[in-house]
Amino acid sequence: MDSRRQRAGHLLSTAALCLAYILFAHAHVAALASEGLRLSSTLLVVFESMMVILVFFRRPPFARDNSPSAVTVALAGSLLPLALRPTAGAEDVFLGQGVLIIGLLGQIGSSLSIRRSFGLIAANRGVQTNGFYRLVRHPFYLSYLLVQLGYVINNPSTINIAVFAVATAFQLARIWFEERLLMHDNSYRQYSRRVRWHLLPGIW
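For the sequence shown, this note's numbering begins at 9 and goes up steadily by one.
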């Protein structure tokens, strides 16, 4: 019964992610068609497309936190950024573009390090310690925040700012749930002693 529920939850979460992504991509493609090419919109679509691809090709976990709170936090953190929308008449600025590009490069570097160990819900798919994971424990979430921040700088609106703020809160909660699960793994405890910083070197 539990495995059946897990499969059903997996299908529902994947379906919700796909629907949110389709609406997100449609809004951005429509904006690009009407207003012309904007790098911020294009890069965000590329970023989120890579996230969706990673979800589909993730490897099965050794352990996963299927508690309602962990699942809710994971889904909210994954789906909320797909509510970001281009702001009509806005123009890309250097600061926003720079932050966004740094975040995208961070995502590519993190992807090369983690490969198929990416997932939505807090899980242990093997402890990753190479590449960007030598700097912080959660470089993927750092790239999330940088890409979304750069996008909001270039597309300022009340809705986008609110989405970014709430999504960031959920991403921090995701880190907490992941750490709680991974700390049961001795190799992760050893890794956490070598790499002190969760997200921002020198800060947290």
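Note that CB positions come from ideal geometry on N, CA and C, so glycine has one too.
Keep in mind it's a predicted model, so treat the numbers as computed, not measured.
* Kindly list the residues whose CB is nearer than 8 Å to the CB of Arg211, restricted to its own chain and excluding five residues on each side of it in sequence; keep chain order. => Looking up residue 211 in the sequence shown gives position 203. Here residue 211 turns out to be Ile, not Arg, going by the sequence shown. So the qualifying residues of the chain are Trp205.
* Arg142 - DSSP class collapsed to helix/strand/coil -> The residue you call residue 142 lines up with position 134 of the sequence shown. Reduced to three states, the DSSP call for Arg142 is helix.
* Alpha-carbon to alpha-carbon, Ala91 and Asp100 -> Residue numbering aside, residue 100 sits at position 92 when the sequence shown is read from its first letter. Residue numbering aside, residue 91 sits at position 83 when the sequence shown is read from its first letter. Answer to the nearest angstrom: the Cα atoms are 19 Å apart.
* To do: Please report how far the alpha carbon of Ser233 lies from the alpha carbon of Arg93, in whole angstroms.
  => The shown model of the chain, from 9 to 212, leaves out residue 233, and the question about it has no answer.
* Asked: Under the rule that 16 or more other beta-carbon atoms within 10 Å means buried, what is Arg182, buried or exposed?
  -> Start at 1 with the first residue of the sequence shown, and residue 182 comes out as number 174. The residue in question, Arg182, is buried, as its Cβ has 16 or more Cβ neighbours within 10 Å.
* Alpha-carbon to alpha-carbon, Asn132 and Arg201 -> Here the question's residue 201 lines up with position 193 in the sequence shown. Here the question's residue 132 lines up with position 124 in the sequence shown. Computed Cα separation, rounded: 18 Å.
* Are at least three pairs of beta-carbons, each pair with one atom in the region 104 to 112 and one in the region 148 to 163, less than 8 Å apart? -> yes
* To do: Return helix, strand or coil for Asn132, following the three-state DSSP convention.
  => Counted from its first residue, the sequence shown places residue 132 at position 124. Strand.
* Determine the extent of the alpha helix (DSSP H) in which Ala170 is found, giving its start and end residues. => Your numbering for residue 170 matches position 162 in the sequence shown. Segment Thr166 to Leu190, the alpha helix (DSSP H) holding Ala170.
* Ordered list of alpha helix (DSSP H) runs contained in the region 31 to 83, each at least 4 residues -> 47 to 64
* Give me the Cα-Cα distance between Met9 and Asn74, rounded to the nearest whole angstrom. => Within the sequence shown, residue 9 is the residue found at index 1, counting from 1. Within the sequence shown, residue 74 is the residue found at index 66, counting from 1. Only weak support exists for where Met9 lies, its pLDDT of 43 falling under 50; the value from the coordinates is given anyway. Take the alpha-carbon of Met9 and the one of Asn74: they are about 14 Å apart.
* Is it true that the CB of Gly85 sits closer than 7 Å to the CB of Val155? -> Reading the sequence shown from its first residue, position 147 is the one you call residue 155. Reading the sequence shown from its first residue, position 77 is the one you call residue 85. Between Val155 and Gly85, the CB-CB gap reaches or exceeds 7 Å.
* Under 7 Å Cβ to Cβ from Asp193, same chain only, skipping five residues before and after it: list those, please. => Reading the sequence shown from its first residue, position 185 is the one you call residue 193. For Asp193, where only same-chain residues beyond five positions count, the Cβ hits under 7 Å are Asn132 and Val135.
* Arg72 to Arg46 span [Cα, whole Å] -> Reading the sequence shown from its first residue, position 64 is the one you call residue 72. Reading the sequence shown from its first residue, position 38 is the one you call residue 46. Going from the Cα of Arg72 to the Cα of Arg46 covers about 39 Å.
* Asked: Going by beta carbon distance, what residues of the same chain come within less than 6 Å of Ala28, once the five residues before and after it are set aside?
  -> Residue 28 sits at position 20 when you count from the first residue of the sequence shown. Here the set comprises Leu87 and Leu90.
* Assuming Leu120 contacts Gly139 (C-beta within less than 8 Å), just tell me the rounded distance between them. => One-based indexing of the sequence shown puts residue 120 at position 112. One-based indexing of the sequence shown puts residue 139 at position 131. With a Cβ gap of about 6 Å, Leu120 and Gly139 count as contacting.
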